[in-house]
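What follows is one structure encoded as structure tokens, with my remarks underneath.
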Amino acid sequence: MSATGPPVSGILLDHAGRHAVLVSDTVPQAAPPPSLEATKECAMGTYEDVFRSSTEDPESFWLKAAEGIDWDVTPRRALDSSGAPFYRWFPDGRLNVCFNALDRHVEAGRGEQPALIYDSPVTETRRTYTYAQLRDEVAAFAGALAQLGVGRGDRVVIYMPMVPEAAVAMLACARIGAVHSVVFGGFAPRELALRIDDAAPKVVVSASCGIEGKRVIAYKPLLDQAIELAVHKPEKSVILQRSQERAELGPDDLDWGDLVAAAPPADCVPVPATDPLYILYTSGTTGKPKGVVRDCGGYAVALHWSMGAVYDVGPGETMFTGSDVGWVVGHSYIVYGPLLAGATTVLYEGKPVGTPDAGQFWRVAAEHRVKTMFTAPTAFRAIRKEDPKGTLTAGYDLTGLRHLFLAGERLDPETYHWASDLLGIPVIDHWWQTETGWPIVANPVGIEAAPLKPGSPTRPLPGWDVRVLDASGEPVPAGVDGAIVVRLPLPPGALPTLWKDDDRYVASYLSAYDGYYLTGDSGHIDADGYVFVMGRTDDVINVAGHRLSTGSMEEALAAHPDVAECAVIGVADALKGQVPRGFVVLKAGIDREPSEVEAELVQLVRERIGAVASLKDVTVVAALPKTRSGKILRKTMRGIADGHDEPIPSTVDDPGVIEALRPVLRRAGHTP
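The structure is reproduced here in structure tokens:
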């Protein structure tokens, strides 16, 4: 089965000439938002009503949701099961995702509404693009790509920092039916080369540099090395020159500004709903990254529906997602989701702390009148570590902030309570994956807000039939941990396959339990239907025959008043098979002997979980190693502790943290 439709020649161009693009440096007042009902199709009634309709009659449910999208050819069918387990959504529909994200809002008379706000404390820049301005920028760059021979089905790798042009490049690909693959800016050359070889792009789009905190990172040398390592050679590289560091261009390199200035703008090209919109790579156990495919129609429908139903954000309202366009969160809720809904999105170039302080998220929320904020729990743990009492909120008017959504790492109850008490608004944990494209489990405040339970992302969203199974594939009783799975077919927006690798898609996700998608996470569902995700399946350790969740131990450690964040890993042990080891980072301002805190933590776990937990070794450390998206690198820590020569992952945020931790992990390790 091909992961993409056959490429076609010929791009539809608008030869009427470019519109002048004026980008303002101030944020204009948005018009009062119209009714949110347009973004809440299928979200009427109680949660139970909506969920039941999505499971009992998914065909009608998703066709109704599809009415929120403008189609070139309106689908008459929702689901095509003929190629199961390779399901396809809206197989007879045609659309253009860029048109739905930009042009239709302009045509509806909202061209002067802010679409994208670029907020960059690292460059001291604020810039606002209206829908009309962003459409014109995208059409211009789409025309530039078209002149380079990029058309429907061609791939474009985007290797850029958090600048507006990254979103422009993504939308420009969507505009002409090309398939983009965004690689996090600053990724190591070898990892970038692997993605270039797999996606085989016609063009790579990059920038002269990125900014990480106070460091300027030159991208061009990294890109040059990656292309040298890659077997596939892109025809051209388009480079956005930034003032912080300009790149020297080679014979196959083109300057973004020069290229756009000479190109006629491109019109939108309608494509089948089943065409791929993008490829997003996630780490694979074999070392070869897995290319998650996202289709056009299902993704557009699911994201548009989720904006109203899950996040309660509609036209004219502002959403700030503190992530990166290199991750699925950035794809879905910095770029596509808010724009499909006609909302205003904030693209933030900076860190939650240190650029320059731990109050930047509060500043962004206040300045841009943010209604819904979405980031990773690790961002809030970092803020809490630097500003334990939350005193930096005092300088900002946060009365417009209604919801805080967190995802990416398990939200520990202590961070939940800290954020809830500080902000006085619902703090909503929700759970999803690169593969799923949008949340699996959440509290859908746009439908009906459910009571919150610390430690749980609440209940499955409509469209997601979540189960918990034991090793033999049998359902487990309420409250009992097992493998979290989703009954097939997956709803619109989830991956239909892996790029050019159907066999690996089946082997990775569908082979463990017949008829189910394996999430790779473990946990349980309680008697009220609330899902508790306790960690990755390989984070369940076996101590002398007892299966224990490291997530439960982390929850106990995080309850200590001096702990900012923590990680528990299972380390090989000759006697017990595995033993747990804990590592904690203390809050700023804590001046106590580490050994004293460590002893208290061991006792705390014993009191909360019992002696069976066997956590007798807790170490206070300066920092925990994380990916750039905020996930703690527990697998890497475990490998080092077990004595393996564990390489530093390409996704690491600060390699120095791993190197500083390596001798500590080795001392803690018990090799068989």
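Letter by letter, the sequence shown follows residues 1082 to 1753 in the working numbering. The beta-carbon is built from N, C-alpha and C at its ideal position, and this holds for glycine as well.
Spatial distance of Ala1042 from Glu1495 (CA atoms)
Absent from the structure is residue 1042, since the part of the chain shown begins at 1082 and ends at 1753.
Given a cut-off of 8 Å, decide if Leu1358 and Val1178 are closer than it, judged by their beta-carbon atoms.
yes
Taking the straight line between their C-alpha atoms, what separation do you get for His1725 and Arg1743?
11 Å
Mind checking who Tyr1199 pairs with in its DSSP beta bridge?
Arg1208, Leu1428
Tell me whether Ala1669 sits in a helix, a strand or coil according to DSSP, three-state version.
coil
What did DSSP end up calling Leu1275 once you bin it into helix, strand or coil?
helix
Residue range of the unbroken alpha helix (DSSP H) whose run includes Lys1466
1458-1467
Go through its chain and collect everything with a Cβ distance to Pro1139's Cβ below 6 Å, but skip five positions before and after it.
none
What residue range is occupied by the uninterrupted alpha helix (DSSP H) comprising Lys1759?
In the structure displayed, the chain extends from 1082 to 1753; residue 1759 sits before or after that span and is not available.
By the DSSP assignment, the alpha helix (DSSP H) with Thr1136 in it spans what residues?
1128-1137
Buried or exposed (CB count within 10 angstroms, at least 16 for buried), Pro1556:
exposed
How many Å lie between Lys1716 and Thr1708 at the Cα?
12 Å
Where Tyr1497 and Val1686 are concerned, what is the direct C-alpha to C-alpha distance, given to the nearest angstrom?
19 Å
Three-state secondary structure assigned by DSSP to Gly1601
strand
Could you say which of His1641, Asp1279, Pro1345, Gly1378 lies nearest to Gly1149 if we only look at CA atoms?
Gly1378
Report yes or no: do three or more beta-carbon pairs, one from the stretch 1193-1204 and one from the stretch 1417-1429, lie closer than 8 Å?
yes
Candidates Arg1296, Ala1248, Gly1294, Val1237: closest to Leu1273 by CA position:
Val1237
Hey, Ser1731 and Ala1269: beta-carbon distance below 8 Å or not?
yes
Does Pro1532 come within less than 8 Å of chain D when only Cβ atoms are used?
This model lacks chain D altogether, as it is built from one protein chain only.
Taking C-alpha atoms, which residue in Ala1383, Tyr1128, Trp1443, Ala1390 lies nearest to Thr1402?
Trp1443
Apart from the five residues on each side of it in sequence, which residues of its chain come closer than 8 Å, Cβ to Cβ, to Lys1452?
Asp1393, Val1394, Glu1398, Thr1399, Met1400, Gly1481, Leu1482, Arg1483, His1484
In terms of residues, what are the limits of the beta strand (DSSP E) holding Leu1682?
Looking at the DSSP string, Leu1682 is not in any beta strand (DSSP E); the run it does join, the alpha helix (DSSP H), is 1675-1689.
Quick check on the burial criterion: 16 or more other C-beta atoms within 10 angstroms. Buried or exposed for Glu1688?
exposed
Determine, using beta carbons only, whether Gly1518 and Ala1383 come nearer to each other than 8 Å.
yes
From Val1678 to Leu1473, what does the alpha carbon distance come to, in whole angstroms?
27 Å
Which of the three DSSP states, helix, strand or coil, is assigned to Thr1480?
coil
Report yes or no: do the stretch 1533-1547 and the stretch 1331-1341 share at least 3 C-beta pairs separated by less than 8 Å?
no
Rounded to the nearest angstrom, how far is the Cβ of Leu1667 from that of Asp1698, given a contact under 8 Å?
Not a contact, Cβ separation roughly 17 Å.
Mind listing, in chain order, the continuous alpha helix (DSSP H) runs of no fewer than 4 residues lying wholly within the stretch 1383-1425?
1418-1421
His1261 by DSSP, collapsed to three states: which one?
strand
Report buried or exposed for Lys1317, applying the criterion of at least 16 other Cβ atoms within 10 angstroms of its Cβ.
buried
Boundaries of the alpha helix (DSSP H) in which Thr1363 is found, first to last residue
Not the alpha helix (DSSP H): Thr1363 falls in the beta strand (DSSP E), residues 1357-1363.
Note down the Cα distance separating Ile1298 from Ala1259, rounded to an integer number of angstroms.
28 Å
Delimiting residues of the alpha helix (DSSP H) encompassing Ala1247
1245-1256
With distances taken Cα to Cα, identify the nearest neighbour of Leu1310 among Arg1271, Val1612, Leu1330.
Arg1271
Minimum C-alpha distance to Gly1604 - residue among Gly1418, Ala1637, Pro1558, Ala1639
Pro1558
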